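According to the working numbering, numbering within the sequence shown proceeds without interruption in unit steps and concludes at 349.
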Amino acid sequence: MIPKGNHAMKLTRRAILATTATLAMPAIAQTRTKLKLAGGGVALYGYMPFFIATGRQLWQKHGIDPEIAMFPGGAPAMQAVLGGSSQVACGYYEHTIQMAAKGAKLTAFVLQAQNSGLALGIRKALEGEIKTVADLKGRKIGVSAPGSATHMFAMQLLTKAGLKATDASAIGVGTTQTALSAFERGDIDALSLFDPIMMDLESRGLVKVLADARDTAGSTAIFGGPYASGSLYGEAGWLEKNQPAVRGAAAAIKEAVTFLRGAAPEEAIAALEKGMCFLAAPVCSAGFTRNRGAFEHDGKITMAQAETVRRMLGSFSAEIAAANIDLAATFTTKYLDGV
């Protein structure tokens, strides 16, 4: 499901300056290619390399002049690419498979994070009524945006619990304070989202987690294999015609991943553009520690990861299960050659 509309949230003034400033340093490329990027949400560890690339000006270092539009979830970011207002999306790899089943040719060209990074939890006040995912039938589940990775995670869990993917209602709540507020007010019964929001709710004793894919063990247990989550992707034809820009973006993300592998939690959070982790620094740092395993990779999506993601999507989508999808066409590593 692709939501209608194309309403981007404006970046902070500081974020805009960070994406356009020119530094008088030899390491920063002086000739740059403009690239329109659609971000699938802020405060998500699955997209942390994207915001590190912004905060540390790695786009510029690798020859990119970024124009960034932020969206409340991965599905509207994907729509921006399909509609032509953006050229590359910062979103979950699974969108490339989802759209391949519909005949669209989206290709992920660099991995930001492995593992799912997602957790599904209920309001603590409901733990007497909701003990398992199966008890969510007829309930309201908050997701970043309908059709986004958070929604698909919830649908997969519902199906795994013996329900239909539509047996619970998906309510778009975004990825920042709006999600916290909806949960705290009781507008939703459960929340499918990432750290640091889930970490914050846990630290305050407000959530009971029913399914946790934030680390490698949990992700593997839920999905049955290695997983590819945050990525950069674009339309295959556009990528082929704009290889210098694609290689530059891939190099920026890979450098950000390398930085995160060795960074202390406080160092990692400090490197983000202000506002990209909107909660208290200790919560953000604890969330990074919980998700550190997501960055133990070389930027390349593997066929094993792709097969796990397709299996997950096919578990609740008859269209994807029946589609003749060329998995090898939904991702590529060639733009990382020599990086």
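Just so it is clear, CB atoms sit at the ideal spot from N, CA and C, and this is done for glycine as well.
Every value quoted in this text rests on a predicted model; they were computed, and no experiment measured them.
- Given a length threshold of 3 residues, each whole run of the beta strand (DSSP E) inside the segment 81-130 is given here in chain order: 98-102, 116-121.
- Contact between the segment 119-133 and the segment 255-262 is present: three or more C-beta pairs spanning the two stretches fall below 8 Å.
- The C-alpha of leucine 242 lies about 29 Å from the C-alpha of alanine 192.
- Taken through DSSP and simplified to helix, strand or coil, arginine 133 comes out as strand.
- For valine 319, the three-state secondary structure derived from DSSP is helix.
- The C-alpha of lysine 147 is placed about 7 Å away from the C-alpha of leucine 173.
- In terms of Cβ geometry, tyrosine 57 and aspartate 205 do not form a close pair [threshold 8 Å].
- For alanine 227, the uninterrupted alpha helix (DSSP H) run begins and ends at 226-233, by DSSP.
- The alpha helix (DSSP H) runs lying completely inside the segment 131-183 and spanning 4 residues or more are 159-170, given in chain order.
- Ranked by Cα distance from threonine 176, the first of Gln108, Leu190, Val349, Ile151 is Ile151.
- Here serine 327 is buried, its C-beta having at least 16 other C-beta atoms within 10 Å.
- Under DSSP, alanine 221 shares a beta bridge with Leu130.
- Shown here, tyrosine 237 sits in coil according to DSSP, grouped into three states, outside any helix or strand.
- The segment 97-109 makes no contact with the segment 208-226: fewer than 3 CB pairs, one atom from each, lie closer than 8 Å.
- Annotation for glycine 49: the continuous beta strand (DSSP E) segment containing it runs 43-49.
- Taking C-beta atoms under 8 Å as the contact rule, alanine 129 and glycine 235 fail to qualify, at a distance of about 19 Å.
- A distance below 7 Å between beta-carbons, with the five flanking residues on each side excluded, links leucine 167 to the following residues of its chain, in chain order: Leu130, Val143, Ala221.
- In the structure shown, the three-state DSSP call for glutamate 245 is strand.
- Beta-bridge annotation (DSSP): glutamate 77 is paired with Lys46.
- For serine 295, the enclosing alpha helix (DSSP H) starts and ends at 291-301.
- The beta-carbon distance between alanine 280 and alanine 339, rounded to whole angstroms, is 39 Å. This is too long to meet the 8 Å contact definition.
- Aspartate 197 and threonine 188 have their C-alpha atoms roughly 11 Å apart.
- Counting C-beta atoms within 10 angstroms of its own C-beta, glutamine 253 has fewer than 16 neighbours from the protein chains shown and is therefore classed as exposed.
- Bridge partners of serine 327 according to DSSP: none are assigned.
- By the criterion of a C-beta distance shorter than 6 Å, tyrosine 345 is surrounded in its chain by Phe119, Val256, Arg257, Ala260, once the five residues flanking it on both sides are discounted.
- Each residue's CA atom was taken as its position, placing alanine 111 and cysteine 100 some 20 Å apart.
- Under the three-state reduction of DSSP, alanine 333 is assigned to coil, being neither helix nor strand.
- Boundaries of the beta strand (DSSP E) harbouring leucine 201: 200-204, taken from the DSSP string.
- One Cα belongs to valine 52, the other to serine 325, and the distance between them is close to 28 Å.
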